[in-house]
Every structure is written in C-alpha cells, then in structure tokens.
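Mapped onto the working numbering, the consecutive letters of the sequence shown carry residue numbers 12 to 415. Virtual Cβ for every residue (Gly too), placed ideally from N, Cα, C. This report refers to the structure that appears directly beneath it.
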Amino acid sequence: MAKKSMPCPCGSGVEYEVCCGSTSNVVSLTQVRLRKVGQKLRRLLGDYVGRYEFAKDASRAQELYFRHLDVSINDFDDDFLMERCFEWFIFDFRLPDGDRIIDKFKRLTTLSDDEKFLLEGWSRAANSLYEVKAVYPGKLFLEDLLLRDQLVVTDVNAVKEINPGFILYMRILPVGDENEFSTSGLALPSNCRSILLKKLFADAFRFWENRNHPEDWKFYLRERSHVVNSVVMQITTDSGLEWLDEDCEEGRPEQLFQEIDFNSHCTVPEDFPWREARYQRVAREVAEELYTFRYDSQQVSNALRLWYDFTSLERPAFRKPEVWVAAIVYTVSRLEKDDRENQISLAERYGISASTISGKYRSIRKILNLKDCDERYSTCGKSDSIRRVSNTISFLSHYLSKRK
C-alpha cells in the first residue's frame with residue numbers, strides 16, 4: 012500500500028494524500044450519474060448479445076476462443092472462463108460483416124446521450140498488459156506495458172488480492188473521470204514480464220508484417236486478444252508457473268518460448284498477405300466454419316491456402332462473401348471426401364442457391380487445376396485425415412441460456 016507522505020506516482024508532483032490517495036468523499040453529481048449509467052450499460056449489453064440473431068455467431072466465437080486455449084480448462088473456474096469468453100465476444104469478435112457486437116449496439120436509437128458517451132470510450136478499449144505500480148485504498152495505479160499509458164483504476168475488491176509488481180491482462184473501461192475493469196482478469200507475478208513482452212513483440216511484428224499494417228498496438232490487441240489470452244492463461248496455471256520459474260532461474264528462455272509458442276501449429280487468416288480486406292473476411296469465416304465442424308488445423312490451413320492461391324490468380328469481385336465461404340467449405344469437403352457438407356445444406360445455411368455454389372466450385376477447380384485428393388490442399392489419403400477434436404463444453408451457449 013502506498014504511503015500518504017510519498018509523491019503520487021501518477022506524476023502530478025503533489026503528495027499522494029492530496030492526489031490519487033485523497034480520502035475526500037466529494038464526488039461530482041456527473042460522476043455519480045455516469046457510474047449508474049455504466050452499470051446499466053453492462054446489463055443492456057448482456058441482454059443485447061443474448062438475442063437469437065447472434066446465436067450462430069456466439070457458437071462460432073466460442074469455438075474460436077476455446078480452440079486457442081492449450082491449457083487444461085480444469086485449472087480455471089467455469090464461470091470465469093465463460094465470463095471472459097462472453098466479454099471477448101462483445102468487444103473483439105468480428106461478425107461476418109466486419110462489425111463487433113459493441114459496434115452494432117452503439118447504433119441503437121434508444122440509447123441516451125450518457126450511454127452513447129460511455130460506449131464511445133468502451134468501443135476503443137482493448138485488453139492489454141498492465142504492471143501494477145502502486146496499490147491505494149480502493150484504487151490501483153497501473154502502467155500499460157505496450158501503450159505506455161498510466162492510469163488509476165477504481166476497484167475496492169481487486170486491491171485486496173493484487174500487489175505492486177503484478178502483471179495484469181485486462182480490459183479497462185473509462186467511466187467519466189474514473190476507470191473500471193471490464194470483467195475478471197488474469198494476474199501474473201512480476202517475473203513473467205519480460206517473457207510475455209518478448210513473445211508479444213515477436214507475434215505483433217509478424218502480424219503487422221503479414222497484414223501490411225502499420226504498427227498499432229490497439230489494433231493488434233483487439234484482433235489477437237483471444238490468442239494473447241491463451242498464452243497468459245497457460246502461464247497462470249500452477250504447472251505453468253513451475254516451469255516458468257525453472258526456466259527463468261536456469262536461464263533457458265529459448266526453451267520456454269518453444270513451450271509456450273502459441274499458434275505455431277496452425278495457420279490463421281492473418282498469416283497471408285491478402286490483396287483485399289474482403290478476401291480476409293472470407294478466410295476468417297471459412298476458418299471458423301471448418302473449426303465448428305471439427306476439421307483439424309492442417310485441413311483449415313489447407314483451406315486458407317487454397318483460398319489465398321485462388322484470389323491471387325483470379326482476383327474475384329463480389330458483394331456477398333457468404334457465397335465464397337460456402338464454395339470454399341464445399342470444395343474442402345470434396346477434397347477431403349467428407350460427406351458432412353453438401354451443396355444443399357450449405358445453400359440453406361447461407362441463404363444462397365445450390366447452383367451458385369456449384370458454379371463457384373467449378374471455377375475454383377478450373378483456376379487451380381484441382382485433382383481428387385489434391386495433395387496441395389488436402390489431407391485425403393493420409394492417416395487421420397479428419398481428426399475429431401474432443402467434445403467441447405459449450406461455455407458460451409450455457410452462459411447465454413442462463414441469462415434467459
């Protein structure tokens with residue numbers, strides 16, 4: 012706990028007791044009002060995301076989120092996992108049209124001016140790594156290790172469990188003149204700092220380079236939030252902390268990086284330098300669709316490579332991405348000799364005609380000169396060509412059903 016005679020670490024130059032450590036009970040009426048608005052917004056967002064129209068998206072989000080978790084889910088409370096997945100779905104998950112849930116929620120005409128004001132700040136907030144610089148009564152002074160911002164978060168419960176030096180992976184929401192944690196977060200000991208930063212810097216630079224995107228930490232943290240989360244959760248487990256301590260003490264960071272190397276075994280849409288943003292949106296939808304139907308990482312990687320090669324040669328123009336999503340999924344099912352998908356079922360699911368899928372499939376075969384069980388894009392003929400993922404607990408679906 013910070014001593015009151017110390018200079019306030021926020022950098023104001025004045026003593027802590029008259030700055031962030033002030034015990035004054037005077038709070039502006041505006042701030043009191045915004046606190047209540049913030050509490051109401053959280054409830055409204057929860058109700059909004061539970062709408063039937065988002066059910067399919069919620070299922071895909073759950074598949075994507077938990078697929079990246081390489082740690083045993085038994086190490087974490089189910090409610091904690093559901094809460095974090097639910098929060099990620101609202102703030103970061105991209106829907107087929109490129110929007111996030113919070114983007115659509117912001118456009119509702121029934122929102123008050125105060126609600127719109129808070130949502131503007133919330134929609135820009137991303138999960139990040141924070142170092143706890145000091146702990147005050149009811150407040151935490153944090154420094155963003157990636158954006159280099161410093162801020163004070165109000166949370167009377169967190170101060171009882173968090174000590175200076177801890178590394179937090181959290182999303183912080185502005186509420187007027189104050190800041191609040193979005194949901195339950197992850198806390199790591201200080202000796203994880205350099206390990207995490209080195210890993211994230213390496214992944215971020217690769218991410219920006221592959222997407223030909225300028226260095227932008229907020230963009231990276233939002234787009235890769237679920238991946239970063241998996242790394243932090245792995246290190247958070249007791250077993251993870253044991254080997255972390257051992258490798259740090261023995262000076263073997265290279266081995267540690269190999270063990271926690273996330274996403275190295277599978278290809279993601281961001282790994283390809285797409286010529287157009289809409290091609291990447293199709294790729295993202297294809298990957299999520301295939302993972303939903305339990306295709307393995309190699310098969311998904313092959314599908315993304317197929318779509319990338321096709322768009323590089325043909326440069327298709329289109330307004331309905333779902334047409335090409337269905338066509339690629341159907342092509343994969345044909346290459347893998349898998350009967351789970353056919354033109355009729357895909358046409359019904361995506362609201363298009365079976366003949367349209369058939370036409371796009373013929374175009375893909377012609378441009379890429381595809382052959383049956385084409386080794387470039389298929390695992391057909393290889394052992395375990397379709398390796399089923401073990402039964403996944405439907406955390407998000409369960410969470411949504413509890414809210415009804």
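Asked                                                                                                                      : Found
For Tyr76 and Met93, the rounded distance between their alpha carbons                                                      : 10 Å
First and last residue of the uninterrupted alpha helix (DSSP H) at Pro200                                                 : Segment: none, Pro200 is in no alpha helix (DSSP H) and carries neither H nor E.
Pairwise C-alpha distance: Gln310 and Ser389                                                                               : 7 Å
Arg71 classed as buried or exposed, judged by whether at least 16 other C-beta atoms fall within 10 angstroms              : buried
Three-state secondary structure (DSSP) of Phe192                                                                           : strand
Straight-line gap, Ser134 to Tyr341 (C-alpha atoms, nearest Å)                                                             : 36 Å
DSSP three-state assignment for Asp272, whether helix, strand or coil                                                      : With a pLDDT of only 35 at Asp272, under the threshold of 50, the placement of this residue in the model should not be trusted; the figure read from the coordinates follows. Residue state, collapsed to three classes: coil.
Close-in-space but distant-in-sequence residues of the same chain around Ala213 (CB under 7 Å, 5 per side omitted)         : none
Proximity below 8 Å, CB of Ala337 to CB of Ile368                                                                          : yes
Cut-off 6 Å between Cβ atoms - residues of its own chain near Trp219, not counting five sequence neighbours on either side : Glu226
Cα-Cα separation between Gln291 and Tyr306, rounded to whole angstroms                                                     : 19 Å
Burial state of Thr41, where buried means 16 or more other Cβ atoms lie within 10 Å                                        : exposed
Those residues which DSSP pairs with Met181 across a bridge                                                                : Ser139
8 Å contact criterion, which Val164 and Glu131 should meet: CB distance rounded                                            : Rounded, the Cβ-Cβ distance is 19 Å, inconsistent with contact.
Per-residue burial, Pro284 [other beta carbons within 10 Å of its own, 16 or more giving buried]                           : exposed
Supposed contact pair Leu157 and Trp228 - C-beta distance, whole angstroms, cut 8 Å                                        : 5 Å
Backbone CA spacing between Arg326 and Asp350 [nearest angstrom]                                                           : 29 Å
Spatial distance of Arg235 from Ile246 (CA atoms)                                                                          : 17 Å
Among Leu119, Ile173, Ala358, Lys67, the one whose alpha carbon lies nearest that of Ser201                                : Ile173
Rounded straight-line distance, which links the Cα of Arg44 to that of Asp125                                              : 9 Å
CB of Leu232 within 8 Å of CB of Asn138, strictly                                                                          : yes
Residues that Gln161 bridges to, as DSSP identifies them                                                                   : Glu154
Between the CA atoms of Gly196 and Ser374 - distance to the nearest angstrom                                               : 47 Å
Cβ-heavy atom distance, Val186 to the ligand SAH, below 7 Å                                                                : As far as ligands go, the structure on display features none, and thus does not contain the ligand SAH.
Backbone CA spacing between Glu299 and Glu74 [nearest angstrom]                                                            : 8 Å
Whether Val146 touches Pro175 by CB criterion (8 Å)                                                                        : yes
Exposure of Ser193, with buried meaning 16 or more beta-carbon neighbours within 10 Å                                      : buried
Nearest candidate by alpha-carbon position, reference Leu55, set Leu179, Asp166, Lys117, Asp90                             : Lys117
Classification of Lys47 by the beta-carbon crowding that lies within 10 angstroms, buried from 16 upward                   : exposed
Proximity to Glu142 [Cα-Cα], best of Ala169, Phe177, Ala66                                                                 : Phe177
Closest Cα partner of Lys51 within the set Ile355, Val186, Glu287, Val334                                                  : Val186
Best match in Leu140, Lys382, Arg53, Ala66 for proximity to Lys127 [C-alpha to C-alpha]                                    : Arg53
Extent of the continuous alpha helix (DSSP H) to which Tyr306 belongs                                                      : Unbroken run through Tyr306: none, as it is neither H nor E.
Contact set for Asp68: own chain, Cβ-Cβ below 6 Å, skip 5 residues either direction                                        : Leu106
Distance, Val167 Cα to Val288 Cα                                                                                           : The sequence as given places Ala at residue 288; Val does not occur at that position. Rounded to whole angstroms, Ala288 to Val167 spans 43 Å at the Cα level.
C-alpha distance - Met181 paired with Gly370, whole-angstrom precision                                                     : 47 Å
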